[in-house]
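Please read the structure below before turning to the comments.
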Amino acid sequence: MLLCRVFSMVVLPISLVLLVTALVTNHWLVAYGIKSSMYSGLWQECRDGQCTAPATPFEYIIATRAFLILASLLALGSALFPFFSFIPAPCGNRRAALYSAVASLTAGLFTLIAVAVYTAETWSKPTDPQVYIKYEWSFYLGWAAFPMLLLPGISSLITYSYSSDSAYEQL
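Next up, the structure:
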């Protein structure tokens, strides 16, 4: 089970970096027009190098922000718990793997909700035929963070299920 713990310790910080990078960058959606281009993220819209924050963001942007912030906080907690499992304790640190698994799986679920809402709302938007719209790298980082949160969650759950109870925890 050492392999599962180390796997979680390596992958969770990477997924946290991907998640936070997707949250703070402005390259979720890019629109190429005849004379100019525009790209937008969760916080700003940029046209020809001039970035502005929308006065009233769409509801789906607010929902995506909220779920990604919650997912980032849970991923941070989940990334810390595997380190706690290596600290020797008289009663054992068996529950650190369980807490990491629950936090990681919940962060993965919140990430899935956030990127699925964003995808569903932007996929069917009507556009001008002269404008080419595509998803950019920030959007894909959000999707990449999703399985990278689920796999360590499953790994931590396996670690928890195969770790032995100490005598104190069996009472």
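Taking our numbering, I'd label the letters of the sequence shown as residues 369 to 539. Where is the CB? At the ideal position from N, CA and C, for every residue including glycine. None of the values given here were measured: they were computed from a predicted structure.
On the DSSP letters alone, give me the boundaries of the beta strand (DSSP E) that residue i sits inside.
i      : result
THR420 : 418 to 420
SER405 : 405 to 408
I need the straight-line Cα distance from residue i to residue j, nearest angstrom please.
i      : j      : result
GLN412 : PRO422 : 7 Å
TRP511 : GLU504 : 11 Å
LYS502 : LEU519 : 28 Å
VAL470 : ILE402 : 48 Å
CYS414 : ILE382 : 28 Å
MET377 : PHE451 : 7 Å
THR495 : ALA399 : 10 Å
Would DSSP call residue i helix, strand or coil?
i      : result
GLU427 : helix
GLU413 : strand
ILE526 : helix
PHE437 : The question names Phe, yet the displayed sequence has Ile at residue 437. It is helical.
SER534 : Note that SER534 scores a pLDDT of 48, beneath 50, so its modelled location is shaky; the value from the coordinates is reported in the next line. Coil at SER534, not helix or strand.
ILE501 : strand
LEU539 : A caution first: LEU539 carries a pLDDT of 47, below 50, which makes its placement in the model unreliable, though a value can still be read off. LEU539 falls in the coil class under three-state DSSP.
Tell me whether the beta-carbon of residue i lies closer than 8 Å to the beta-carbon of residue j.
i      : j      : result
LEU466 : TYR528 : yes
ALA513 : THR479 : yes
ASP416 : SER408 : no
VAL388 : SER446 : no
ILE481 : PHE435 : yes
If I follow the unbroken alpha helix (DSSP H) through residue i, where does it start and stop?
i      : result
MET377 : 370 to 392
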